[in-house]
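So for the sequence shown, numbering that gives the first Met the number 0 puts the first residue at 0; every next one is plus one. Where is the CB? At the ideal position from N, CA and C, for every residue including glycine. Quantities reported herein were computed from a predicted structural model and do not represent experimental measurements. First the structure, in the form of structure tokens, and then the observations on it.
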Amino acid sequence: MTITAHRVSVPVFVQGLKGLSGVLAKAAAHVEERKLDPEALLKARLYPDMFPLIRQVQIATDFAKGASARLAGLEVPAWDDAETSFADLSARVARAIAYVEGLDPAAFDGAEDRTVALTRRGETTEHNALDYLTGQALPNFYFHLSTAYAILRENGVVLGKRDFLGTA
0 MTITAHRVSV PVFVQGLKGL SGVLAKAAAH VEERKLDPEA LLKARLYPDM
50 FPLIRQVQIA TDFAKGASAR LAGLEVPAWD DAETSFADLS ARVARAIAYV
100 EGLDPAAFDG AEDRTVALTR RGETTEHNAL DYLTGQALPN FYFHLSTAYA
150 ILRENGVVLG KRDFLGTA
């Protein structure tokens, strides 16, 4: 069996996003059961200089859709970062899953020879697409998934590794 860019990206993103979806559902239930203010969790951070839960989810979904689009040779879709509730975050994760799963696997053919241009803070850099996936996109995706999980766990949401992995 051949290892393809599609195979090492799309299923990985989908599994992580499905785990995130389940974690968010448990967080929403936790808030409802305990009659807590959802804002407390949505704006929670692990440390003052880190992004809050809402932004962690937005960035994780951005890496999933962005990396997948870049590997498929497509423009990255721009999404507003307007989420303010668990329902909004869950809808964003579902949208990311649908986007990533909806990409044609054939569009990923030749990704190993593509160049990805990234513009950050006004500076554009170019990277081999697979190096970008393995050295930037996947590590950042997992960082933000892990941080979202850790924020919720730190704030009392009962979660385990199977929740993170999306296999609970």
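My understanding is that residue i touches residue j, with C-beta atoms under 8 Å, so please give their C-beta distance in whole angstroms.
i      : j      : result
Leu73  : Ser8   : About 13 Å; that fails the 8 Å criterion.
Val56  : Leu35  : The pair is not a contact, with the Cβ atoms about 18 Å apart (cut-off 8 Å).
Ala136 : Phe62  : 5 Å
Ala59  : His143 : 4 Å
Asn154 : Ala43  : 5 Å
Gly15  : Asp162 : 12 Å between Cβ atoms; not a contact.
Spatial neighbours of residue i within its chain, please: CB distance less than 6 Å, with the 5 preceding and 5 following residues excluded, ordered by chain position.
i      : result
Thr166 : none
Thr123 : Ala116
Arg152 : Leu158
Nearest CA to the CA of residue i: which residue from the options?
i     : options                        : result
Ala86 : Glu38, Ala4, Asp61 and Leu137  : Glu38
Arg54 : Asp79, Ala66 and Glu31         : Asp79
His5  : Asp108, Tyr131 and Pro138      : Asp108
Phe12 : Leu45, Glu100 and Tyr131       : Glu100
Ser20 : Met49, Ala81, Thr118 and Arg94 : Arg94
Ala81 : Asp48, Leu41, Lys25 and Tyr141 : Leu41
Val30 : Ser84, Asp48, Pro10 and Thr1   : Ser84
Using only the alpha-carbon positions, how far apart do residue i and residue j sit?
i      : j      : result
Val22  : Leu52  : 12 Å
Glu145 : Val92  : The displayed chain sequence assigns Ser, not Glu, to residue 145. Approximately 15 Å between the Cα atoms of the pair.
Lys160 : Glu111 : 32 Å
Gly134 : Gly65  : 14 Å
Ala106 : Glu32  : 45 Å
Ala90  : Thr3   : 29 Å
Gly121 : Ala77  : 17 Å
Val75  : Ala68  : 5 Å
Pro47  : Leu102 : 37 Å
Pro10  : Leu132 : 13 Å
Along the alpha helix (DSSP H) that carries residue i, what are the first and last residues, could you check?
i      : result
Leu88  : Phe85 to Gly101
Thr118 : Run containing Thr118: none in the alpha helix (DSSP H); it sits in the beta strand (DSSP E), Thr114 to Arg119.
His143 : Leu137 to Glu153
Arg161 : Lys160 to Leu164
Val22  : Val9 to Glu32
Residue i lies in the beta strand (DSSP E); which residues open and close that run?
i      : result
His126 : Glu122 to Asn127
Arg44  : First-last for Arg44: undefined, no H or E at that position.
Excluding the five sequence neighbours on either side, which residues of its own chain have a C-beta within less than 8 Å of the C-beta of residue i, listed in chain order?
i      : result
Thr114 : Glu125, His126, Asn127 and Ala128
Tyr141 : Gly15
Take residue i and list the residues in its own chain whose beta-carbon comes closer than 7 Å to its own, dropping the five residues that flank it on each side.
i      : result
Ala149 : Leu45
When every heavy atom of the ligand NAD is checked, does at least one fall within less than 6 Å of the C-beta of residue i?
i      : result
Asn127 : Within the structure as shown, the ligand NAD is missing, as the structure has no ligands at all.
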